[in-house]
Ligand SMILES: [Fe+2]
Ligand SMILES: [Fe+2]
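Numbering (my numbering), first residue to last: 41 to 338.
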């Protein structure tokens, strides 16, 4: 990953979440995570429709399995803590499902690098504060997989923007919108959260750190070439409108092109049609002549 565990760690100054005292809060939080993990079924869409190559397809196939294992993890944690599965907050449902990316680049940059990066920080925070060792042990194992998902998002984003300035600006503009959402959430919480709770009182500052980490990640991926503070309000507004105008235009063109897609020449090709030209498969290394077929078996 482009950020370390230390960089993504917030200091809660020893504050803890108590499974008995904070049961209601923990149940609410676990239900948001449960929903988020269930959206792992969307990986199926990206695998079938968009996987750019064989390596990415293998990664996504494994990721979908891991996300379903995470659903099991949260169910186990909920059962241990006496929490019931309930619907997630509408804002969480909208962020995780309603704002699904419109292209592979948007998926890897916004949902994987940024979105899963944000969730990963929340997991670290729960690991550092939840006073229930069996649950924390389960989460510790799951974050290793989430770290790999974020890393894949970062690598694929860097690959996608290489030599494509317009795409870099579009992803930056869309990212600015989600960071603005996090800032609004922090402002909303600062006014309403109990100021004396050992963990909740830190939430606005925790969200600020999340945004700073998102900014650092964008700089390291090359989406952003200077600190955000140096981008004026006008420049930011221009980036956001360019991003949405580009998305709207793309949407319109794709709608107009829908009838054309019925024709074989205009259809997006899936891996089943392209795998023989995939570098991993076309570059298959054969054993030297005369070597036995099972020479590489061990
Ligand atoms: Fe997950
Ligand atoms: Fe994930």
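Ideal Cβ positions, reconstructed from N, Cα and C, are used throughout, including at glycine.
Item                                                                                                        : Value
Helix, strand or coil at residue 170 according to DSSP, with G and I counted as helix                       : strand
Beta-carbon spacing of residue 190, residue 76 below 8 Å                                                    : no
Within 8 Å, strictly: CB atoms of residue 149 and residue 79                                                : no
Residues near residue 222 in its chain [Cβ-Cβ closer than 7 Å; skip 5 each side]                            : 247, 250 and 251
is_contact[residue 57, chain D] using C-beta, thresh 8 Å                                                    : Among the chains in the structure shown there is no chain D, since it carries only a single protein chain.
Pocket of ligand 2 defined by Cβ to heavy atom distance under 6 Å                                           : 107, 156, 186 and 189
Ranges of the alpha helix (DSSP H) found wholly within the segment 76–144, counting only runs of at least 4 : 94–121 and 130–133
Touch test, the segment 91–100 against the segment 311–320, Cβ-Cβ under 8 Å, three pairs minimum            : yes
For residue 57, the residue or residues it bridges with in DSSP                                             : 170
Closest residue to residue 92 among 82, 243, 41 and 144 (Cα-Cα distance)                                    : 144
Residue nearest to residue 230 in terms of C-alpha spacing, selected from 242, 153 and 53                   : 242
Three-state secondary structure (DSSP) of residue 62                                                        : coil
Beta-carbon proximity check, residue 279 vs residue 225, cutoff 8 Å                                         : no
Secondary structure, alpha helix (DSSP H): runs of 4+ residues fully inside the segment 154–220             : 157–169 and 173–201
Straight-line Cα distance separating residue 196 from residue 262                                           : 12 Å
Ligand 1 heavy atom lying under 7 Å from the CB of residue 110                                              : yes
Residue 256 to residue 277 span [Cα, whole Å]                                                               : 20 Å
Where residue 234 falls: helix, strand or coil (DSSP)                                                       : coil
Under 8 Å between C-beta atoms of residue 125 and residue 74                                                : yes
Every unbroken alpha helix (DSSP H) inside the segment 250–290 [4 residues or more]                         : none
When 176, 70, 183 and 165 are compared against residue 55, the one with the closest alpha-carbon            : 165
Nearest candidate by alpha-carbon position, reference residue 70, set 232, 186, 273 and 132                 : 132
Proximity below 8 Å, CB of residue 210 to CB of residue 272                                                 : no
Rounded separation between residue 107 and residue 304 - CA only                                            : 34 Å
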